[in-house]
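Numbering (this note's numbering), first residue to last: 100 to 408. A virtual CB, placed ideally from N, CA and C, is assigned to each residue, including glycine. Since the model is a prediction, treat every value here as computed from it, not as a measurement. For reference, the structure is listed below as structure tokens.
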DNA sequence: CACACGTCCTGGTAGC
DNA sequence: TGCTACCAGGACGTGT
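Structure (structure tokens):
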């Protein structure tokens, strides 16, 4: 499942493989995949035709390709969110053949890609992901919009998303203050993309395990150093994941499948109910929380007496 | 069939 | 009381 490291891997791949390409046409095979685009599927294709993709930018789990178009003054971008299962595949049919993925939802036909690729395919089994063309608007603080961006601008749907832990413009002390002001549990705060972005269920559990904090710990009882420790652990685990995921795709295939090597080998607790904690060998415990799973070591991360689930 | 999960949306509550 | 900000949880969607 794509969280920040996976999305960053895709951003990096798109930046190298398709930045500079011109969109000749766009085909929408599943209307739901462009549900957040204002003009519907036809309008989506209309707004992309003839426009140049000038780079790839990311904030949290959102990814966008700013569009250059001398015909229009307003700046815009092709916005993507991968949801739970989205992939962006950069393909060259001359090499890969015309085989289409069974869950192909949207296909961009592009010319002049630096990689020589001709398709950018949006593949999404569970259809929680989406694509849209949106306007770019100035950022509130005038700083660059996200990771990889030279522009102080954001797609409108990203305006409420906080900066992420890899963003050089992130104010970590401010995030700590926001977390401690909240009256909720630490995992809810970590998953709230308006507090700090990019963290999903998997990396939240891994970060909390590393920091030895239980997911239900009340944020307003946490000291500044402990909140910092949790954020540092999240940064660490996502940076390590990025280091592994970023090396694993070949030139014409940008893969964002959450099942990549990192997941099976390096996770300490996520998905490992009953297996020994790597630190103390106590069996990992699974709890239901927020209609999803949470994995903890009951010894390293004891449940607080007055926690907030 | 329940389950996997991120985001949007709604209805509710806490605090001023 | 009324307002605002915040918070919890259901709905969405597909395939195993």
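Is the CB-CB distance between residue i and residue j below 7 Å?
| i | j | result |
| --- | --- | --- |
| residue 157 | residue 107 | yes |
| residue 407 | residue 317 | yes |
| residue 332 | residue 309 | yes |
| residue 208 | residue 124 | yes |
| residue 300 | residue 391 | yes |
| residue 203 | residue 220 | yes |
| residue 167 | residue 153 | yes |
| residue 399 | residue 311 | yes |
| residue 275 | residue 326 | yes |
| residue 155 | residue 164 | yes |
| residue 252 | residue 233 | no |
| residue 110 | residue 178 | no |
| residue 337 | residue 140 | no |
| residue 228 | residue 182 | yes |
| residue 257 | residue 277 | no |
| residue 403 | residue 381 | no |
| residue 367 | residue 375 | no |
According to DSSP, what are the bridge partners of residue i?
| i | result |
| --- | --- |
| residue 229 | 180 |
| residue 185 | 223 |
| residue 327 | Bridge partners of residue 327: none, in fact. |
| residue 395 | 384 |
| residue 234 | 175 |
| residue 208 | 124, 218 |
| residue 284 | 317 |
| residue 246 | 157 |
| residue 190 | 218 |
| residue 296 | 263 |
| residue 273 | Paired residue(s): none; residue 273 is not in a bridge. |
| residue 151 | 121, 167 |
When burial is assigned at 16 or more other CB atoms within 10 Å of the CB, is residue i buried or exposed?
| i | result |
| --- | --- |
| residue 197 | exposed |
| residue 172 | With a pLDDT of 48 at residue 172, under the threshold of 50, the predicted position of this residue should be treated as unreliable, and no value is reported. |
| residue 259 | exposed |
| residue 194 | exposed |
| residue 102 | buried |
| residue 186 | buried |
| residue 405 | exposed |
| residue 365 | exposed |
| residue 210 | exposed |
| residue 315 | buried |
| residue 389 | exposed |
| residue 394 | buried |
| residue 387 | exposed |
| residue 137 | exposed |
| residue 130 | exposed |
| residue 347 | Note that residue 347 has pLDDT 43, beneath the 50 cutoff, so the model's placement of it is unreliable and no number is given. |
| residue 360 | Annotation note: pLDDT 40 at residue 360 (below 50); position unreliable, no value reported. |
Just to check my reading of the structure: residue i and residue j have Cβ atoms closer than 8 Å, yes? What is that Cβ distance to the nearest angstrom?
| i | j | result |
| --- | --- | --- |
| residue 279 | residue 319 | 6 Å |
| residue 206 | residue 126 | 5 Å |
| residue 281 | residue 273 | Contact flag wrong, Cβ pair sits at about 13 Å. |
| residue 133 | residue 230 | 6 Å |
| residue 285 | residue 321 | 7 Å |
| residue 223 | residue 248 | In fact, because the Cβ distance is near 24 Å, the residues do not count as touching under 8 Å. |
| residue 401 | residue 313 | 6 Å |
Closer than 8 Å is the cut-off here; do at least three beta carbon pairs connect the segment 262-274 with the segment 215-225?
Flag = no, the segment 262-274 and the segment 215-225 do not touch.
Indicate whether the contact test is met: 3 or more Cβ pairs, each with one atom in the segment 236-244 and one in the segment 141-153, closer than 8 Å.
When Cβ pairs closer than 8 Å are counted between the two stretches, the segment 236-244 is seen not to touch the segment 141-153, the count staying below three.
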